[in-house]
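Participant: Chains as they are written, first to last, in my numbering: chain A, 7 to 292; chain B, 1036 to 1354; chain C, 27 to 279; chain D, 10 to 247.
Glycine included, each C-beta is placed from N, C-alpha and C at the ideal position.
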Amino acid sequence: MAYLQILVNGLVLGALYACLAVGFSLVWGVLNVINMLHGSLIILGGYLTFFSWHSYGINPLVALPAVALLLYAIGYLIQLAIINPIVTQPVLTTLTLTFGLDLILYNFMTVYYTATPRRVTLDLGIVDLGGIVMPVDRLLAMGLALLLTGLLYIVMRGSRIGWAIVAVRMDRDAAALMGIRVERIYAITFGIGALMAGAAGAVFAMVYPITTNLTGTFLGKAFVVCVIGGLGSVPGALAGGLVLGIVESLAGQLVGPQHALTVGFVLMLALLVVRPTGLTGVRGYE
Amino acid sequence: MTARSWHYFLFGAWVLALASTPLWGGNYVIRLAITIAMYSALTLSWNFIGGFTGYPSFATAAFVGLGSYAGALTQNAGAPMLVAWLIATIFAGAFAAALGGIILRLKGHYFAIGSIGVVEVARLVTASWGSLTGGGDGLNVAFLPGGPDVVARTFLAAMIAIMVAAFAVTVAVDRTRFGFALRCIQQNEDAADMVGVNTTRCKIAAFVLSALFCGTVGAAYASWTGYIDPNESFSLLMTIKVPVMCLLGGAGTVLGPPVGAAAFTLLEEFFWANFLDYNRAILGAVIVILIFFLPGGLLNIPRAWSRIAGRRRSRKAPA
Amino acid sequence: MTMPILELAGVGKTFGGVQALRQVGFALREGQIVALIGPNGAGKTTLVNVVTGAQRASQGRIVFRGTDVTAQRPFQAARAGLARTFQIVQPFPRMSVIENVMAGALFAGAHARVADARSAARDELEFTGLAALAQRPASALTLAGRKRLELAKSLAMRPRLLMLDEVNAGFNSGEIDGALALIRRIAARGITILIIEHVMKVIFSLAERVLVLHHGELIADGNPAEIAGHPRVIEAYLGEKFARRVRELQANG
Amino acid sequence: MAKPLLAIEELSAGYGDVRVLWGIELAVEAGEIACIVGPNGAGKTTLLRTVSGLVAATAGRITFDGEPLAGASADEIIARGIAHVPEGRRLFRGLSVRDNLLLGAYLRRDAVQTRRDLDYVLSLFPILRERTRQDATTLSGGEQQMCAIGRGIMSRPKLLMIDELSLGLAPRLVERLSEALIEINRGGIAILLVEQDVLTAFELARHAFVVETGRVTTRGTTAALAQDPAIRQAYLGM
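1) Among Tyr1063/B, Ala1097/B and Ala1048/B, which has the Cα closest to the Cα of phenylalanine 1269/B?
2) So, are the CB atoms of phenylalanine 1087/B and leucine 1290/B less than 8 Å apart?
3) Can arginine 70/D be considered in contact with the ligand NAP, in the sense that its beta carbon sits closer than 7 Å to one or more heavy atoms?
4) Roughly how many angstroms separate the alpha carbons of serine 115/D and isoleucine 45/D, rounded to a whole number?
5) Using CA coordinates, which residue listed in Arg99/D, Arg70/D and Leu168/D is at the minimum distance from glutamate 38/D?
6) Using DSSP with H/G/I as helix, E/B as strand and the rest coil, what is tryptophan 1049/B?
7) What does aspartate 84/D touch in chain A if you count any residue whose Cβ is under 8 Å from its own?
8) Three-state secondary structure (DSSP) at serine 122/C?
9) So, helix, strand or coil for aspartate 191/C, using DSSP?
10) From Asn1082/B, Gly1143/B and Ala1052/B, pick the residue whose C-alpha is nearest to that of leucine 278/A; which is it?
11) I'd like to confirm the pairing. Which residues does DSSP put opposite tyrosine 24/D in its beta bridges?
12) Straight-line CA distance for isoleucine 1065/B to alanine 79/A?
13) Taking the C-alpha atoms as reference points, what is the distance between arginine 289/A and isoleucine 191/A?
14) How far does the beta strand (DSSP E) with arginine 70/D in it extend, from its first residue to its last?
15) By the DSSP assignment, the alpha helix (DSSP H) with glutamine 98/C in it spans what residues?
16) Give me whichever residues DSSP pairs with phenylalanine 52/C in a beta bridge.
17) Under 9 Å, CB to CB, which of the residues in the region 1266-1293 of chain B have a partner in chain A?
18) What are the residues in the region 1298-1329 of chain B lying within 9 Å of chain A by C-beta distance?
19) Answer yes or no: does any C-beta atom of chain D fall closer than 8 Å to that of glycine 67/C?
20) For alanine 1147/B, go through chain A and note every residue whose CB falls closer than 8 Å to its CB, in chain order.
21) Let me confirm a value: asparagine 249/C is counted as buried when at least 16 other C-beta atoms fall within 10 Å, else exposed. Which label applies?
22) Cutting at 6 Å between CB atoms, please list the residues of its own chain near glycine 1061/B, excluding the five before and the five after it.
23) What residues in the region 156-185 of chain D bring their beta carbon closer than 9 Å to a beta carbon of chain C?
24) Using the DSSP secondary-structure output, state which residues sit across from leucine 62/C in a beta bridge.
25) Any beta carbon from chain A within less than 8 Å of arginine 124/D's own beta carbon?
26) Say whether chain D places a C-beta atom closer than 8 Å to the C-beta of leucine 232/C.
27) What's the call for phenylalanine 218/D, buried or exposed, on a 16-neighbour Cβ count within 10 Å?
28) In this structure, how does DSSP classify glutamine 85/C when only helix, strand and coil are distinguished?
29) So what's arginine 17/C in DSSP terms, helix, strand or just coil?
30) Looking at glycine 1250/B and alanine 1123/B, is the spacing between their C-beta atoms short of 8 Å?
31) Look up threonine 40/C in the DSSP assignment and give the residues it is bridged to.
32) How many angstroms separate the CA atom of isoleucine 194/A from the CA atom of arginine 211/C?
33) Counting C-beta neighbours from all protein chains within 10 Å, is the total for proline 77/D 16 or more, i.e. buried, or is it exposed?
34) Which class does glutamate 76/D belong to by DSSP, given the choice of helix, strand or coil?
35) Can you tell which of Ile253/C, Ala80/C, Ile124/C and Ala166/C has the C-alpha that lies nearest to the C-alpha of glutamate 234/C?
36) What does a CB cutoff of less than 7 Å around leucine 1302/B pick up in its chain, not counting 5 residues either side in sequence?
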């Protein structure tokens, strides 16, 4: 029974991880850019949700779509104006650039919001399902995370934009020959990455205290999920997130919670070593 | 004077300038000189793997952190300071040799991620191995005896010596077959393999070189400050700052790393002093500007300038 | 008979489920110029990759100058005297032409010092007619220039066996004549040559022996006249029209 | 004389500092099949990439259907009626044959007509109809070329440019593709073919342009060029 509880905890955590990593994975897979801004974008989404709840009493479920759209616009513009001109350069350049942008965003967030942890408290109580105990807000967060990830999957599979993104990811030149405007698709993809980050931040703010000190942690999770699940793929991010959630939950029980983080990173390094080219079982739709 | 000897001359003058700070500057200036020498050594080190070989390594902080802890623990166990530094150097190098055999099989983004992951794992392990490392509380190291002036001068001399050693190795690499091999790997690894370069061995050697002086710097830093903790020793900020410095000066060159380290440190210091709240944002802006306007680094400015001028001239000429 | 310089026995290579090479066996004698032909996708480049260690043979044995080299890595092949050029040329783009050639001399040739390598490189540039371009960046060369650079780099490696992968592809007929003369001069230095070609003129005027690969299998091995009349080669590669033309050409001398 | 569908004048282009095309002059008339032949690396692919907007021209003019193409982006050029089947097919891995074909119609908004065109492509290449759900990159070389050509005509072009039709294909399949091209051409689409196999190209095309080291060195009707001793010697191996 104890292990069932651990498993359920892991699944809840894993769904959140999947949601926070899927945008990062998409950007990496399609643009071949490691977006160091991702962690800060998550926190920005969380803060915006928190303050609209705290200062204006807006329900986070209402704020979430608005926050997500705002983040989409920010991401779209960042890509179009700043990243697109150098998107084909080596990893050192693109990674350093997004790191620079991250320093700027991070700095402004710490100045305006301070690093104090803040969280939306919904007080929805606790459910007890035959011995497995779970706060309702966490279940809600898990549901939202899965819903958002699922929506992204539907967009990727079923929409014209989704097709174009897949085509650009597979072959940039051939996509251009179909009439797809590659730079615009890059901007949209980066926008979607930011949108998912913002939405994930909003979801996180409902269950965990949000602080700028967490940007690195979230970014680290996104790395690990991507390496486990593969790049640019929604089901991959979901699988990677769930695996990481369960592994961390188990590790927290077996070797102590202070090592849970380490186990995730060790898992990532081990996977990188076993599959040096990464776990990209590249398939179009995923 | 050839371009090469001109560069050596400039570096020599710069070393003298840093070394002379106690004669004309106060504690603040000496401290700044120590920091510049320290980052120059780190940047020169990174240049072996990141500049010459073209592997985007973000492992610098892991080497520095391990060097700090190896040095501090050895020193606390009773070894003389210099012996502790030597052991830290060897430890960092051995760690890089073992690690390199594994992660140098990765390329591009995966190598970058793998090397960042190494920093994180090293930090987390150090933080949780309380019995040896003091965990999150950190570790105290015995201070050097003899008043703040003596201490400052000693560590200035030490950091400059490490920087000069790293520079000397850079010059040696630059002029020999080994450096040529690294450049071949950077431009086309498969082709390098095909002309007879043992790419695996060369990459590991470059990775070890990129770690050795980081280990020394880490140990010297621990002795200097007298206290280390996991978060500061394995800092993500530092691990990215060092490559940025190298890019700022000009990666893959001999003089670029010290130029970049000095320029960056001075800029950072200026922002700290004048815009305390926004120093990180300004740092970020510097990075963005660097990437857009100085793609070849500061050392490339004269060449880029003559190129722009040349293009203007050719545009004016009748087609 | 002297010992063969290169000997393949039962060499096979599979990628996933695809058999790119199947039971390939032949031996090259020192000093020969041998052509390897076959349709696109027949496995010619894979064969060169397997011999130079760029890919590992799945089955079989490769012996070079009496040593089993089946498991060697490319840099070992280069040092042992096995050089190759690429179908898609692979220069070090931001190095000058002479530095590219120096790389060959430094790591696989007999020159451990940079200065020695430079003078050896200069000789090879002279030999291949690139001396005037020595200081240009490799990326600024024309295609024909880059192919010559590949040759110069390979020659600086002091090879015993040189494998030329479509070294003439992309040349117009004037350039091909120049390349033919160059290959003959390379052979005159005592270097064994295995040449992968599509240009029939090259094969039939240069090679004393022709190997034909088809679907990864060696379907013919003989002198050019035999190959032109070989029924399976005609069916798989040359085509009836072409084979007739070649036979006429050879009948006329 | 009627204005040509595609007219290229004094066109130069290249990559970075490397200039590949030097003053190309070429014209394709509406409804005809023309071909470009010449050795590898002569600039044929770069020429097509310049026409379709993937490479920027450094000098010269391209006129299509009476209008200049200068400064048009790749998507505008496709919308104007030029489709480009790239060398090596470049199908989208992981996507089915049907989705690959539909991506060819990415810019079109007329769903009904698009379905009809899809049906036309599948009737042109019946083998593809049996494989509509299969990953396009698992097809054989010949089938992939069919899919790529089909993807090209899904944009309803006035001009279809095909880079290396026969590359790596068995002669039998090339013959089958040639028939399909004649069929497509009969429907009113002009075709500009880049081809290594000069015999095949000359059998299909009415006009030919020989491109060597970035310049058009010879031009004329294929009937005349086939008799030209220099062409016969260099390209037909006779």
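Facilitator: The structure says:
1) Ala1097/B
2) no
3) The ligand NAP is not among the ligands present in this structure, which contains no ligands whatsoever.
4) This sequence places tyrosine at residue 115/D; serine is not what is there. Answer to the nearest angstrom: the Cα atoms are 28 Å apart.
5) Leu168/D
6) helix
7) Ala182, Gly185, Ile186 and Arg187
8) DSSP, reduced to helix, strand and coil, places serine 122/C within a strand of the structure shown.
9) strand
10) Gly1143/B
11) Val27/D
12) 47 Å
13) Low confidence applies here, because arginine 289/A scores a pLDDT of 36, under 50, leaving its location unreliable and the question unanswered by this model.
14) 66-73
15) Premise fails: glutamine 98/C is in no alpha helix (DSSP H) and is neither H nor E.
16) Answer is Leu34/C, bridged to phenylalanine 52/C.
17) Leu1271, Leu1272, Ile1275, Pro1278, Val1279, Leu1282 and Ala1286
18) Asp1312, Tyr1313, Asn1314, Arg1315, Ala1316, Ile1317, Leu1318, Gly1319, Ala1320, Val1321, Ile1322, Val1323, Ile1324, Leu1325, Ile1326 and Phe1327
19) yes
20) Ile40, Val97, Leu98 and Leu101
21) exposed
22) none
23) Leu176, Gly177, Leu178, Ala179 and Pro180
24) Ile222/C and Leu237/C
25) no
26) no
27) buried
28) strand
29) The displayed coordinates of chain C run from 27 to 279. Any statement about residue 17/C would go beyond what the structure contains.
30) Glycine 1250/B is positioned such that its CB atom lies closer than 8 Å to that of alanine 1123/B.
31) Gln45/C
32) 58 Å
33) exposed
34) strand
35) For the set Ile253/C, Ala80/C, Ile124/C and Ala166/C, the Cα lying nearest the Cα of glutamate 234/C is the one of Ile253/C.
36) Val1321
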